[in-house]
Amino acid sequence: MSIYDKYEAVIGLEVHVQLATKTKIFCGCSTKFGQIPNSATCPVCLGLPGTLPVFNKEVFMLGIKAALAINCQIQEIVKFDRKNYYYPDLPKAYQISQYDKPLAYKGYIDIVTNDNPKRINITRAHLEEDAGKLLHDQHPSATVVDYNRTGTPLLEIVSEPEINTPEEAYQYLSTLKNILRYVGVSDCNMEEGSLRCDANVSVRLYGETKLGTKRELKNMNSFKAVRAAVEYEITDQIDTIEDGEKILQETRLWDADKQISRSMRSKEEAHDYKYFPEPDLVPFHITVQQIEEIKSKMPELPQARKNRFIKDYNITESDADFLLSEKIYADYFEETVKEGADPKLVYNWLSGDIMSEINDQKISLEEYNFTAKMLAELIELINSNVISGKMAKEILKESAKEGFTPKAIVEKKGLKQISNEGELENIITQVLNSNKKSVTDYKSGKENALGYLVGQIMKETKGKANPGIVNKLLRERLL
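Written as structure tokens, this is what we have:
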């Protein structure tokens with residue numbers, strides 16, 4: 001038995017989600033990503049003397065929407081607090097957040113790892129403003145700061161320490177991201193900082209109930225990085241304990257290049273922040289009517305949609321998992337089916353040739369110039385024997401490239417499949433007369449000779465002959 005099998009990891013995740021508002025949480029500055037540094041700021045988000053914050057109603061609505069999507073109970077009173085600490089990217093030296101009365105609490109997310117379902121409970125989800133951003137690679141001898149992000153609305157979602165493996169952490173984050181994107185509260189783009197994750201990791205001997213000393217991991221810019229960082233941290237903590245050393249409670253940074261974590265600072269406790277109620281924002285009540293109104297406008301959640309896809313479209317669970325992995329995949333699939341296309345064929349094209357195309361072009365399905373209506377039309381052309389499956393693959397590429405519908409490409413390039421038996425009979429006669437050895441080979445039992453003859457017919461017709469009809473007619477002639 002390995003020493004690593006003696007220990008159980010206990011992981012809690014803190015996820016910061018930027019809410020998809022056009023303006024910041026307490027002022028009218030733009031939240032658009034990529035603006036000129038320090039151009040999207042004002043006296044309010046910079047906390048200059050004499051300024052007063054005004055709570056953005058859209059932040060409230062999106063926060064409730066997200067909380068309902070992750071099965072949380074909603075707080076009756078919305079109250080903000082000041083979290084006091086100094087850091088160069090926090091110009092006010094405090095952050096407006098929520099402490100003892102978070103927006104929502106007691107939620108959960110269901111995940112599946114290795115076919116084993118598990119429920120991960122959520123402690124709380126609270127609103128707060130984001131800090132600015134320190135940039136360490138813009139100047140050879142200095143760190144610079146961009147305050148554009150200051151005041152961007154965040155929803156922090158804190159899980160219970162119930163995650164036990166790196167894979168469970170990965171699945172929790174993937175599921176959470178999918179839910180939040182489905183309900184439209186955030187784009188969850190980790191590259192732009194719309195979703196950031198910190199992990200609290202500790203280990204203990206199996207059978208122990210007391211939690212071990214935790215370390216917090218930061219600076220993870222992808223779910224794969226979270227999985228790798230957690231895996232490294234678990235191993236490192238076990239090695240430290242086995243060497244007779246104590247685990248120090250601290251915050252550590254993940255170094256993706258070296259695949260190690262390194263110490264950043266000792267971990268602050270909650271009382272170090274000296275929380276107190278935000279004096280410039282009056283607490284207010286959330287009514288049942290407000291919650292019900294938001295709930296009535298909630299879209300179908302991923303799990304419910306998955307169950308419906310399996311039932312209504314008779315697809316497998318693994319097919320449904322692929323479609324539900326991104327909202328745009330599920331939307332594209334369903335739009336195409338509503339155009340009259342067979343669900344299984346739609347899935348095959350989407351998961352096969354279309355995914356191959358967008359991966360090759362390094363674009364998203366949203367950017368791909370081939371609509372659901374075009375795919376339905378392409379499938380109909382195949383089903384009605386206007387084109388072959390092989391021709392369809394080329395038409396897909398041409399259609400996406402030129403922006404014309406599949407039917408227009410077929411007409412424009414004269415790609416209509418030859419299915420007329422009389423026309424094909426004449427071509428078959430010519431090919432058989434020109435390839436008598438292959439005819440003899442086939443009649444003597446060499447089956448691959450038939451394939452050669454089919455190939456010659458396809459060559460004569462420049463790929464336009466209907467291969468099914470060609471095979472049928474050839475076999476009849478070669479009896």
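Per my numbering, the very first residue in the sequence shown carries number 1; after that it's consecutive. A virtual CB, placed ideally from N, CA and C, is assigned to each residue, including glycine.
Grouping DSSP H, G and I as helix and E and B as strand, with all else coil, what is residue i?
i, result
"Pro277", "strand"
"Gly468", "helix"
"Phe284", "strand"
"Tyr347", "helix"
"Asp257", "coil"
"Lys437", "helix"
"Ser2", "coil"
"Thr31", "coil"
"Tyr147", "coil"
"Val410", "helix"
"Pro43", "coil"
"Leu154", "strand"
"Arg262", "strand"
"Val78", "strand"
"Ser159", "strand"
"Thr429", "helix"
"Arg475", "helix"
"Gln73", "strand"
"Gly463", "coil"
"Ala270", "Low per-residue confidence applies at Ala270: pLDDT is 46, beneath 50, and the placement is therefore not dependable enough to give any value."
Out of the options, state which residue places its alpha-carbon closest to the alpha-carbon of residue i.
i, options, result
"Tyr108", "Pro117, Lys101, Asp100", "Pro117"
"Trp254", "Pro161, Glu128, Asn219", "Asn219"
"Met190", "Glu402, Val144, Ser222", "Ser222"
"Val17", "Glu278, Leu479, Ser186, Ile310", "Ser186"
"Lys22", "Glu58, Gly12, Ala392, Gly47", "Glu58"
"Ile409", "Leu424, Leu381, Asn466, Asn433", "Leu381"
"Val230", "Arg262, Glu245, Tyr206", "Arg262"
"Glu300", "Leu323, Tyr182, Ala228", "Tyr182"
"His126", "Ala93, Ser174, Ile70", "Ile70"
"Asp353", "Asp319, Ile328, Glu394", "Glu394"
"Lys373", "Asp272, Pro161, Glu233, Thr336", "Thr336"
"Tyr206", "Leu450, Lys412, Ile3", "Ile3"
"Glu293", "Asn307, Met61, Thr41", "Met61"
"Glu476", "Tyr442, Lys101, Lys459", "Tyr442"
"Val386", "Met458, Leu396, Lys464, Lys362", "Lys464"
"Gly28", "Asp5, Pro37, Val54, Gln35", "Val54"
"Val44", "Pro37, Leu19, Glu357, Phe26", "Phe26"
"Thr240", "Leu396, Tyr452, Gln303, Arg204", "Arg204"
"Pro480", "Asp312, Ala376, Ile310", "In the structure as shown, the chain begins at 1 and stops at 479. Residue 480 is therefore absent and cannot be evaluated."
For the ligand MN, is there a heavy atom less than 7 Å away from the beta-carbon of residue i?
i, result
"Tyr86", "Absent from the structure shown: the ligand MN. Ligands present: none."
What are the start and end residues of the alpha helix (DSSP H) that includes residue i?
i, result
"Ile395", "389-402"
"Gln95", "From DSSP, Gln95 is part of no alpha helix (DSSP H) but of the beta strand (DSSP E) over 94-97."
"Pro302", "302-313"
"Gly451", "448-460"
"Tyr332", "327-338"
"Gly12", "Not the alpha helix (DSSP H): Gly12 falls in the beta strand (DSSP E), residues 7-18."
"Leu324", "317-324"
"Ser356", "355-361"
"Asn383", "372-383"
Mind reading off the beta-carbon distance from residue i to residue j? Whole number of angstroms is fine, and I expect it under 8 Å.
i, j, result
"Val226", "Cys188", "Their Cβ separation, rounded to whole angstroms, is 14 Å, which puts Val226 and Cys188 out of contact at 8 Å."
"Leu350", "Tyr368", "Rounded, the Cβ-Cβ distance is 10 Å, inconsistent with contact."
"Asn426", "Gln456", "That belief does not hold up - the Cβ atoms of Asn426 and Gln456 are roughly 14 Å apart, past 8 Å."
"Thr152", "Lys32", "The Cβ separation is near 10 Å, so there is no contact."
"Ile286", "Glu156", "Not confirmed; about 18 Å, so no contact."
"Val10", "Asn164", "7 Å"
"Ile315", "Tyr275", "Between Tyr275 and Ile315 the Cβ distance is about 50 Å, and since that is not below 8 Å, they are no contact."
"Arg124", "Ala104", "7 Å"
"Tyr172", "Ile120", "5 Å"
"Leu378", "Leu424", "The pair is not a contact, with the Cβ atoms about 23 Å apart (cut-off 8 Å)."
"Gln259", "Tyr232", "7 Å"
"Val439", "Val454", "Not a contact, Cβ separation roughly 13 Å."
"Tyr147", "Leu52", "That pair is no contact at about 19 Å."
"Glu357", "Lys397", "7 Å"
Along the beta strand (DSSP E) that carries residue i, what are the first and last residues, could you check?
i, result
"Glu129", "116-129"
"Ala104", "104-113"
"Asp81", "81-84"
"Leu134", "133-135"
Under 8 Å, Cβ to Cβ, is there at least one residue of chain B near residue i?
i, result
"Lys464", "No chain B is part of this structure, which consists of one protein chain only."
- Message: What ranges does the alpha helix (DSSP H) occupy inside the segment 176-249, keeping only unbroken runs of at least 4 residues that lie completely in it?
- Response: 223-242
- Query: Which runs of the alpha helix (DSSP H) fall wholly inside the segment 45-71 and span at least 4 residues, in chain order?
  - Reply: 57-69
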